[in-house]
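Undergrad:
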Amino acid sequence: MYRLAFATVMALTSLPAIGHADVKRGEYLAAIMDCGGCHTPGQMLGKPDRSRFIAGGDVGFQIPNVGIFYPPNLTPDPETGLGKWSKADIIKAVTKGERPDGRVLAPVMPWHSYGRLNPQDADSLASYLKSLKPISNKVPAITPPQDKPASPYLTVISP
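Read in order, the letters of the sequence shown are residues 1319 to 1477 in the working numbering.
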């Protein structure tokens, strides 16, 4: 009986606590989900600024008749990034495509795919983003279709 109880305690203590965020797992997920591909300045121009990793993209995505969207700063900077967002806010944005203010994320953000993250991985990703050094980097605002953008952009064209 003692051996069974000891084995059970050992097995349970080797499991992560429910809700425990694995920041390393989140770092791995951010890498394979290629967050830096869009959200790092200079990345889409072939000159990524590694000192500002995922601090917001400087190349936007134009969606005809909708506007131009620039990838936001994902660091926990309170003024230009996710610093005022809770982990739950980040998880909801990544998995449901909804910002804390209720707006839907830009259509180019692949949240439909990321919505398949299991709860532990979503928590790990959010924990990783919250663990980063805050970097102040304001990206260009959404440019309405009738306005001229101030920064480079890619165009999505439907056949």
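Just so it is clear, CB atoms sit at the ideal spot from N, CA and C, and this is done for glycine as well.
Under 7 Å, Cβ to Cβ, is there at least one residue of chain D near Gly1344?
TA: You won't find chain D in this structure, because it holds only one protein chain.
Undergrad: Going by CA-CA distance only, name the one from Tyr1346, His1357 and Pro1382 that's closest to Pro1428.
TA: Out of Tyr1346, His1357 and Pro1382, His1357 has the C-alpha closest to the C-alpha of Pro1428.
Undergrad: How long is the line joining the alpha carbons of Lys1414 and Pro1394, rounded to whole angstroms?
TA: So the two alpha carbons sit approximately 20 Å from each other.
Undergrad: For Ser1469, which of Leu1423, Arg1421, Ser1442 and Phe1379 has the nearest alpha-carbon?
TA: Checking every option, the nearest Cα to that of Ser1469 belongs to Phe1379.
Undergrad: Roughly how many angstroms lie between the CA atoms of Phe1371 and Asp1465, to the nearest whole one?
TA: Looking at the two C-alpha atoms, the distance is approximately 29 Å.
Undergrad: Is Thr1413 helix, strand or coil by DSSP?
TA: Here Thr1413 sits in helix by DSSP.
Undergrad: Taking all protein chains shown into account, decide if Ile1475 is buried (16 or more other Cβ within 10 angstroms of its Cβ) or exposed.
TA: When all chains shown are included, Ile1475 counts as exposed.
Undergrad: Got a sec, what are the start and stop residues for the alpha helix (DSSP H) Tyr1432 sits in?
TA: Looking at the DSSP string, the run of the alpha helix (DSSP H) that includes Tyr1432 is Trp1429 to Tyr1432.
Undergrad: Between the alpha carbons of Leu1423 and Thr1461, how many angstroms are there, rounded?
TA: Those two C-alpha atoms are separated by around 14 Å.
Undergrad: Taking its Cβ as the centre, do 16 or more other Cβ atoms sit within 10 Å of Leu1363, making it buried, or is it exposed?
TA: Exposed, by the Cβ-count rule.
Undergrad: From which residue to which residue does the beta strand (DSSP E) around Leu1472 run?
TA: Element bounds for Leu1472: Tyr1471 to Thr1473.
Undergrad: By Cβ distance below 6 Å, which residues in the same chain neighbour Ala1349 in space, the five residues on each side in sequence not counted?
TA: Cβ neighbours of Ala1349 beyond the five flanking positions: none.
Undergrad: Use the C-beta contact count for Leu1472: other C-beta atoms within 10 angstroms, 16 or more gives buried, fewer gives exposed.
TA: By the 10 Å Cβ count, Leu1472 comes out exposed.
Undergrad: Cβ of Gly1354 within 7 Å of Cβ of Val1457?
TA: Not a contact, by the Cβ cut-off of 7 Å.
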